[in-house]
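Numbers 1 to 439, taken from full-length UniProt numbering, label the letters of the sequence shown in order.
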Amino acid sequence: MARKRSVKKSLAEKENQEESSTLIPSAKNDGQLELMTKAKKALNSRKPSQNFITRTIWTLIMIAMFFSVLAMGHFWVVVLVTLIQIGVYKEVIAIASVPSREKDLPWTKFVNWYFLMTTLYYAYGESIFTYFHHLFVNDSYVLPFVSHHRFISFMLYIIGFVLFVSSLQKGKYKFQFSQFCWTHMTLILVVGQAHFIINNIFEGLFWFFVPVCYVVCNDVFAYLCGKMFGKHPLIEVSPKKTIEGFLGGWLCTVVVGSLITFILMQFDYFICPSRDLSTSVFTGLTCTPNSVFVPHTYNVPNTLVQYLHIPEAVTFAPVYFHLSVFATFSSLVAPFGGFFASGLKRAFKIKDFGDSIPGHGGLTDRVDCQFLNGVFVYMYFQSFIAEKNSSSADILDAAITTLTTPEQLQLLEDFQNYLVDQGKSTADAICNRILKGNR
């Protein structure tokens with residue numbers, strides 16, 4: 001009996017030793033664990049540096065591509081904006097999609113992309129027919145599409161609407177209508193806003209390039225100022241943003257933006273509007289500059305001259321004043337487009353909108369502030385900067401699209417009589433010019 005007890009006791013002690021060896025590591029196990037911990041830390045420390053390198057490389061690639069497209073001309077800049085808005089549309093639509101439900105609804109994706117194409121047709125038609133109508137007024141085949149563009153666009157939309165209603169299935173109404181609303185919201189926020197950016201391009205690359213630079217500058221300097229001075233959080237939806245970075249980015253953007261403006265003002269290629277889609281940096285572009293680019297002399301109030309001992313008059317181009325407004329909007333308001341996108345990502349519990357740009361996430365993550373900023377620039381430009389000058393092409397377009405053929409002939413005869421009566425031309429000279437143009 002005593003022998004049995006001693007055997008049991010020795011077995012129990014052996015089991016306890018084995019348990020303690022597994023629960024309490026030996027010196028050898030301690031060394032292994034330490035090595036594993038160090039390896040894990042080294043791997044984790046390598047990931048940020050590797051991500052930083054990838055991010056930097058792709059940043060340089062994107063900058064090089066952007067400037068290459070700028071040099072290629074207005075048409076290719078429009079193509080770039082088009083590709084970006086299609087990519088953004090794809091990413092935003094994707095975050096609300098539910099593949100398990102959509103596999104039983106084959107028309108859902110088709111209708112989404114059909115609405116995109118219809119909206120693009122309307123938006124691009126509006127821009128091209130507005131800025132380049134002089135290229136189409138003499139083309140009898142294209143002219144009907146110009147004259148009835150909005151009606152054609154509306155009927156194309158109605159076709160999509162009928163397709164959507166026809167695809168409704170019992171038990172899936174809520175999902176289909178939520179997709180319908182999501183699609184239309186995306187079209188308004190993406191294609192609707194990009195339409196105004198494209199109009200800015202046609203008004204002159206200056207009004208496209210400078211606002212884009214302002215948003216990028218603000219993003220960079222807000223990050224740097226936030227890192228160095230940031231203490232007070234700005235907004236809950238983006239906890240890394242600080243008030244100090246927000247205001248520091250604004251001040252730096254105003255200063256750097258003025259320097260960018262001074263450089264670009266020296267080149268007609270940037271400040272001249274485009275009325276020819278074949279223009280590029282190699283073909284050149286000339287025009288009479290908008291008056292905001294022409295220096296004006298302004299008198300300084302006597303009170304300021306007396307107390308601050310400054311000159312009685314200062315001379316500078318008015319564009320600097322307007323661009324200080326742009327810089328303020330780009331720094332203090334446009335970032336809320338980014339905050340909106342951050343809130344959207346948090347709502348759907350995703351980190352990025354996609355992975356189309358290595359190290360950066362998706363296209364939407366990079367241009368979320370640009371859309372809102374582009375719309376503001378267009379509205380401000382049309383309200384306070386654009387010079388409303390009617391050209392001969394505008395008058396011809398109005399005569400073609402609003403007058404009947406007999407009225408057009410009567411207008412031609414009245415105008416000919418006016419030129420002859422005023423002694424500005426003769427009937428023979430007018431007829432010869434018409435015949436020469438028909439040859």
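Ideal Cβ placement from N, Cα and C applies to all residues, glycine included.
Boundaries (first-last residue) of the beta strand (DSSP E) holding residue i
i, result
"L234", "233-235"
"F267", "Unbroken run through F267: none, as it is neither H nor E."
"T315", "313-316"
"H296", "296-299"
Residues near residue i in its chain [Cβ-Cβ closer than 6 Å; skip 5 each side]
i, result
"A278", "A quick correction: the sequence has Ser, not Ala, at residue 278. Within the same chain, S278 has no close Cβ partners at all."
"M72", "S280"
Alpha-carbon spacing of residue i relative to residue j, whole angstroms
i, j, result
"L412", "A398", "14 Å"
"G337", "C369", "5 Å"
"A429", "T288", "30 Å"
"Y121", "S153", "7 Å"
"P301", "H309", "11 Å"
"E312", "V319", "21 Å"
"F177", "T405", "48 Å"
"I260", "C217", "11 Å"
"F129", "G284", "23 Å"
"G354", "R55", "15 Å"
"C181", "V81", "24 Å"
"T183", "E407", "45 Å"
"F136", "M228", "56 Å"
"residue 515", "P295", "Since the first residue shown for the chain is 1 and the last is 439, residue 515 is missing from the structure and cannot be characterised."
"I197", "I158", "26 Å"
"R275", "F175", "45 Å"
"T328", "Y173", "45 Å"
"M62", "V69", "11 Å"
"N299", "I201", "34 Å"
"K424", "V191", "49 Å"
"V377", "S330", "10 Å"
"C431", "S147", "29 Å"
"F67", "F326", "22 Å"
"I53", "L163", "47 Å"
"H133", "A427", "29 Å"
"N51", "I395", "57 Å"
"S127", "A194", "11 Å"
"I93", "L409", "52 Å"
"G204", "H74", "8 Å"
"C252", "F262", "16 Å"
"Q382", "Y131", "14 Å"
Range of the contiguous alpha helix (DSSP H) that encloses residue i
i, result
"P406", "405-421"
"S331", "319-332"
"residue 457", "With the chain covering only 1 through 439, there is no way to say anything about residue 457."
"R346", "335-347"
"C225", "206-229"
"residue 441", "Absent from the structure is residue 441, since the part of the chain shown begins at 1 and ends at 439."
"R366", "363-367"
"C181", "173-186"
"A194", "193-203"
"K351", "First-last for K351: undefined, no H or E at that position."
"F371", "370-380"
"H74", "74-95"
"T119", "107-131"
"T304", "A small correction: the amino acid at residue 304 is Leu; Thr does not occupy that position in the sequence shown. Note, L304: alpha helix (DSSP H), 302-308."
Own chain, CB closer than 7 Å to residue i, minus 5 neighbours either side, in chain order
i, result
"G125", "H149, S153"
"V292", "A317, P318, V319, H322, I385"
"G361", "D352, F353, G354, D355"
"T286", "D268, C272"
"W76", "V69"
"A222", "G245, F246, G248, G249"
"G230", "T242, E244, G245"
"P215", "Note on identity: in this sequence residue 215 is Val, with Pro being the wrong assignment. Contacts found: S330, A334, C369, Q370, N373."
"L419", "S425, I430"
"S324", "V254"
8 Å Cβ shell around residue i - same chain, five flanking residues per side excluded
i, result
"L363", "I84, G87, V88, E91, F353, G354, S356, I357"
"A341", "F353, T364, D365, D368"
"P233", "P239, K241, T242, I243"
"F115", "Y157, G160, T183, H184, L187"
"L60", "none"
"V314", "T297, Y298, V300"
"residue 454", "Past the edges of the chain, shown from 1 to 439, lies residue 454, and the structure says nothing about it."
Chain C within 7 Å of residue i, Cβ atoms only
i, result
"F262", "The structure shown contains no chain C, having only a single protein chain."
### Query
How about the region 195-209 and the region 103-115: do they share at least three Cβ pairs that are nearer than 8 Å?
Contact fails between the region 195-209 and the region 103-115, because fewer than three Cβ pairs, one in each stretch, are under 8 Å apart.
### Task
Tell me, please, whether the region 153-168 touches the region 89-99 by the rule of three or more beta-carbon pairs shorter than 8 Å.
No, because fewer than three Cβ pairs between the region 153-168 and the region 89-99 fall closer than 8 Å, the two stretches do not touch.
### Query
At a cut of 8 Å, does the region 327-344 reach the region 361-381 through at least three beta carbon pairs?
The region 327-344, when compared against the region 361-381, does touch it at the 8 Å Cβ threshold.
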